[in-house]
Structure formats: C-alpha cells, structure tokens
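Everything below concerns the one structure shown next.
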Amino acid sequence: MPADSSKHSPSLPAPVQQWWVYMVRAENGHLYTGISTDPQRRLLQHQRGLGARFFNRSPAQALVWQQRCADHSDALRQERAIKALTKKAKERLISQFNDALSRPANDCAGPHAATKLTST
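92 is the number of the first residue of the sequence shown in our numbering; add one for each residue after it.
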C-alpha cells in the first residue's frame with residue numbers, strides 16, 4: 092500500500108546560513124582572520140583551544156572585527172583578501188569598524204567593501 096503523502100508536509104528549503112568573515116586578536120597582538128556562521132561562538136571555541144592552531148602560541152583575546160557576507164563563497168573570498176592585507180591595513184579596518192558600530196551592519200556586498208579591502 093503506498094504511503095499517504097497527505098500526512099507529510101512538503102519539504103521546506105533549508106534556511107540560508109548567514110556567513111561572516113572576522114578577525115580575532117591574540118594576546119600577543121597578532122590578528123587571526125577566519126569565517127563562521129557565528130563569530131561569537133567561534134571566538135569562544137578559539138578561546139577554548141578548539142580549531143585553529145594559530146592560537147596555540149598565544150590565546151585568542153577578543154573578536155575585533157566582523158563583516159556579514161552574502162554566502163559561504165563570498166566569505167571565503169573576503170577572508171583571502173583580508174589575509175593578503177598588511178597588518179596596518181587590517182588595523183585600519185578594525186578602527187573603521189569600531190567607528191561605525193553605531194551605524195547599520197557592514198555587508199561584504201556593501202558599496203565600500205572593495206575599497207576597504209584594497210587600500211593599504
């Protein structure tokens with residue numbers, strides 16, 4: 092006897108995960124760049140020694156910068172671009188982020204994203 096399909100709800104599309112690119116400052120001042128669907132949770136994982144070996148030498152101290160991205164691929168592209176920046180340029184991004192905390196969210200796809208990442 093065939094299953095009664097009326098008992099099953101139609102399959103819903105999986106929710107789209109929000110991806111972020113972020114920077115964490117280690118106790119020694121070095122900056123780690125990564126991507127996550129939850130940067131705060133990821134910071135806690137870094138602080139507990141889970142994941143990135145980067146923090147084996149100096150523990151994760153604080154989440155200092157984050158930017159929402161359109162999707163996983165966009166987050167990976169942004170991560171690569173940020174990792175290619177000098178420390179001075181990364182510090183400038185962090186400073187701009189801190190200055191903009193009272194403004195709306197800063198998206199990877201925003202009008203100034205490319206200029207921020209390519210400036211040195």
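Positions of the beta carbon are idealized from the N, C-alpha and C atoms, including for glycine.
Quick check on DSSP: helix, strand or coil for residue i?
i: R168; result: helix
i: Q152; result: strand
i: S102; result: coil
i: Q131; result: helix
i: Q109; result: coil
With distances taken between CB atoms, is the gap from residue i to residue j smaller than 8 Å?
i: M114; j: T124; result: yes
i: E118; j: S149; result: yes
i: Q136; j: L154; result: no
i: K178; j: L122; result: yes
i: R116; j: Q138; result: no
i: L184; j: W156; result: yes
Comparing alpha-carbon positions, which option in the options lies nearest residue i?
i: P106; options: D190, D162, Q152 and F188; result: D162
With DSSP as the reference, identify every bridge partner of residue i, one or two as the case may be.
i: L122; result: R116
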